[in-house]
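Undergrad:
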Amino acid sequence: MLRRLARAATPRQRVFWARRSGSLAEVPTYVVDLRSDTVTKPGPAMRRAMAEAVVGDDDYGEDPTVRELQATVAELLGVEQTLFVPTNTMANLISVMCHCRRRGSQLLLGRECHIHVYEQGGVAQIAGVHSHPLPDLPYGTLDLTDLERLVTRSLGSPYHPICELICLENTHSSSGGRVLPLEYLRQVHLLARSHGVRVHLDGARLMNAAVALGVPPARIMEHCDSVSLCFSKGLGAPVGALVGGPKDFIEEAWRLRKALGGGMRQAGVLAAAALVGLADAEEMLQRDHQNAQRFAKGLQELASPVCSVDPTAVETNMVMVRVDGLPPDELCRRLQAVSADEAAQTGRAVRVLVFPWTERSVRAVWHRDVSTQDTELALGKWAFVLRTLRLGQDGRS
Ligand SMILES: Cc1ncc(COP(=O)(O)O)c(C=O)c1O
22 MLRRLARAAT PRQRVFWARR SGSLAEVPTY VVDLRSDTVT KPGPAMRRAM AEAVVGDDDY
82 GEDPTVRELQ ATVAELLGVE QTLFVPTNTM ANLISVMCHC RRRGSQLLLG RECHIHVYEQ
142 GGVAQIAGVH SHPLPDLPYG TLDLTDLERL VTRSLGSPYH PICELICLEN THSSSGGRVL
202 PLEYLRQVHL LARSHGVRVH LDGARLMNAA VALGVPPARI MEHCDSVSLC FSKGLGAPVG
262 ALVGGPKDFI EEAWRLRKAL GGGMRQAGVL AAAALVGLAD AEEMLQRDHQ NAQRFAKGLQ
322 ELASPVCSVD PTAVETNMVM VRVDGLPPDE LCRRLQAVSA DEAAQTGRAV RVLVFPWTER
382 SVRAVWHRDV STQDTELALG KWAFVLRTLR LGQDGRS
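Numbering (the numbering used here), first residue to last: 22 to 418.
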C-alpha cells in the first residue's frame, strides 16, 4: 500500500510511448498541457524542501517556515505584514471582509474578474457585501469616470449602498493576462483615497505583472491597500496564497482566516514549497512570458483564417487565440487527438491541451512545466491541425 502511494507521488513522465498499432506504433507521444498555470507538479527540489521543512503549530504562530515565508513576502511586496492561507480565493474573501465591515457595503469590480465570476459570489453569500460589476476594458482596466460616479453615488443618499472597496486584478486573467499600467493604478488609488474607499488587488499573478513591467512587486503595491498573492499558479507550488497589508489589517485577517476554517497547523511543509517557487520566480516567469510570446508570433506567422492572435496583446503567460469557422471546443478536441497521419507526417504524436475561453476563442497558458521545446511542439501541432482543416475545406481529405 505504502509502496503504491510512493509510486503515485513520483512525477509522471511527459513522454509516453503510443499504442503499438498501425503507424502510431513506437512514435513518441508528447503531452503539452496549456490549460492553466495551476497544473504544474512540484519537482524534486520542491518535494525535498517540503519533506525537510522545519515546522511548528502555525495556529499558535509557531511554524518557522511559515513565518519565514510571511516575512520574506512582506518585504518583497513592501507591506507591513502578510498571512499564509490555503487558497487565493480565501485570500480575496478575507481581504474583502476586512475592508467591508458594514453589512451591505458595496464593492466595485470588473464584470469578468475572478472574484466576481469564479468565486461563487462568496463576498455576497459569506460576507454580505454587494458587488457592483463594471465592464472590463480591453487592458483589464475599469473606466475611471464610471468608478468615480459609483464611488460618489451614495454620498448624502439614503438609497444607494455605500462603496467601501474597489477590487482590481493584476495580471487580469480574462483579458489574457494583461498587466495593469502603474499610472492607471495610481489614478484609481488617488480617486479611491479621496473618497475614503480602499483598493484591494487580486494579485494571484502579481509576480507575472512585476516581471512583465520590470519592477519590484512593491512598486505595484504602492497603489493598493491590500493584496492576495498565489503560490499555486506561475510559482509552481501545490498549495497556498498570502494576504498582505497593514499590521492591523492582518490581525483582523488572522481572525477571519480562523473563522473560515483556514487556520493550519504544520503548514511549513506548504510554505517550504512556496519559498522554492519564489526563489527562481523571476527567471521562470520570464521564460514563460517569452514562450507565450514565441507561440503567439509563430501562430501569427501561420496566417491562418481559422486561428488568429495579436502578439502585442500577449504581455505575460497567456495567449488568447481567436477561432473562426469552427467551434473552439472542436479545435480543442483536434489539438488533443493524435492520428496516424500526424505520426506519418511529423514522426511524433503531440497532444495539446487547451480550454475554450469564449464562443470565439481558446486560451493557452504557459507555466514552469512547459519548456521552450514543448512550445515548439505545441506550435507544430497547431500548424498540423490547421493544415488538416484547410485540406478538409478544399475537399482533399
Ligand atoms: C486571478 C485569480 N484570482 C484568484 C484565483 C483563485 O485562486 P485559488 O484557486 O487558489 O483559490 C484565481 C485562480 O485561478 C485567479 O486566476
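Note that CB positions come from ideal geometry on N, CA and C, so glycine has one too.
All values reported here derive from a predicted model rather than from experimental measurement.
1. Using a 10 Å radius around the Cβ and a threshold of 16 neighbouring Cβ atoms, would you call D345 buried or exposed?
2. Determine whether the beta carbon atoms of D292 and V75 lie at a separation below 8 Å.
3. Please indicate yes or no: does the CB of H135 lie closer than 7 Å to some heavy atom of ligand 1?
4. Give a single yes or no on whether A288 has its beta carbon closer than 7 Å to a heavy atom of ligand 3.
5. Which same chain residues end up closer than 6 Å to C484 when comparing Cβ atoms and leaving out the 5 residues on each side of it in sequence?
6. Confirm, please, whether the CB-CB distance from A370 to N338 is below 8 Å.
7. According to DSSP, which residues form a beta bridge with C188?
8. Taking three-plus beta-carbon pairs below 8 Å as touching, is the segment 359-367 in contact with the segment 280-289?
9. Report the start-end ranges of each beta strand (DSSP E) in the segment 227-306 that is 3 residues or longer and not cut off at the edges.
10. In the DSSP assignment, the alpha helix (DSSP H) including T110 goes from what residue to what residue?
11. Cα-Cα, which of R68, N113, A231 is closest to G266?
12. Determine which residues share a DSSP beta bridge with T379 and list them.
13. Can you tell me the Cα-Cα spacing of I241 and A231, whole angstroms?
14. Is D223 near ligand 1, in the sense that its beta carbon is under 7 Å from a heavy atom of that ligand?
15. Alpha carbon to alpha carbon, how far is A213 from Y205?
16. In the structure shown, what three-state DSSP assignment does G143 receive?
17. Could you tell me whether any Cβ in chain C is nearer than 8 Å to the Cβ of R69?
18. I'd like to confirm something about N312: is its beta-carbon nearer than 7 Å to some heavy atom of ligand 1, or not?
19. Measuring straight from C-alpha to C-alpha, what distance separates P4 and L281?
TA: Looking at the coordinates:
1. exposed
2. For clarity, residue 292 is Ala in the given sequence; the question names Asp instead. Taking 8 Å as the Cβ cut-off, A292 and V75 do not qualify as a contacting pair.
3. yes
4. The model depicted lacks ligand 3 and carries ligand 1 instead.
5. Residue 484 lies beyond the range of the chain shown here (22 to 418); nothing can be said about it.
6. no
7. H221
8. no
9. 247-251, 262-266
10. 109-120
11. N113
12. S382
13. 7 Å
14. yes
15. 12 Å
16. helix
17. Among the chains of the structure shown, chain C does not appear; only one protein chain is present.
18. no
19. Residue 4 lies beyond the stretch modelled for the chain, which goes from 22 to 418, so this question has no answer here.
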